[in-house]
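Participant:
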Amino acid sequence: HVNNGGCDTNATCSHSLSDYSVTCTCNTGFTGNGTVGNCQDSCHVNNGGCDTNATCSHSLPGYSVTCTCNAGFTGNGTVGNCQ
1 HVNNGGCDTN
11 ATCSHSLSDY
21 SVTCTCNTGF
31 TGNGTVGNCQ
41 DSCHVNNGGC
51 DTNATCSHSL
61 PGYSVTCTCN
71 AGFTGNGTVG
81 NCQ
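Note that the UniProt record's numbering has the sequence shown beginning at 1, numbered continuously upward.
(1) Quick check: the stretch 6-20 against the stretch 50-57, are at least 3 beta-carbon pairs closer than 8 Å?
(2) For CYS13, collect the residues of the same chain with a Cβ closer than 7 Å to its Cβ; drop the 5 residues on either side in sequence, then sort them by chain order.
(3) In angstroms, rounded to a whole number, what distance separates the CA positions of TYR63 and GLY75?
(4) Ordered along the chain, which non-local residues of its own chain (more than five positions away) have a Cβ less than 7 Å from that of GLY34?
(5) Could you check what DSSP says for residue 89 in three-state terms: helix, strand or coil?
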């Protein structure tokens, strides 16, 4: 596991049992291809899938994305659902 296998610090490195190739997967709350420098905070990419009138944040445990409609709006926070 040298340098996390070439994976980003916010990614999980795994190996194929058949050919030992490395697979990088961004951790929950991050998006990208998993390689170094390529796991971005999900809230910084398209507001994390939240509505433009919502705030994207991360909840614990697990750092999953939570969308909350901004003041003056109601709904579940996902795209098209803050009115």
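C-beta: ideal position from N, C-alpha, C; glycine also. Being a predicted model, the structure only gives us computed values, none of them experimental.
Facilitator: Reading from the atomic positions:
(1) no
(2) Residue 13 sits at position 13 when you count from the first residue of the sequence shown. Correct list, in chain order: HIS1, ASN4, GLY5, CYS7, VAL22 and CYS24.
(3) For the purposes of this step, residue 63 is identified with residue 63 of the sequence shown, where counting begins at 1. For the purposes of this step, residue 75 is identified with residue 75 of the sequence shown, where counting begins at 1. Their backbone Cα atoms lie some 22 Å apart in a straight line.
(4) Your numbering for residue 34 matches position 34 in the sequence shown. The residues are CYS7, ASP8, ALA11, CYS24, THR25 and CYS26.
(5) No information on residue 89 is available, as it lies outside the stretch 1 to 83 that the chain covers here.
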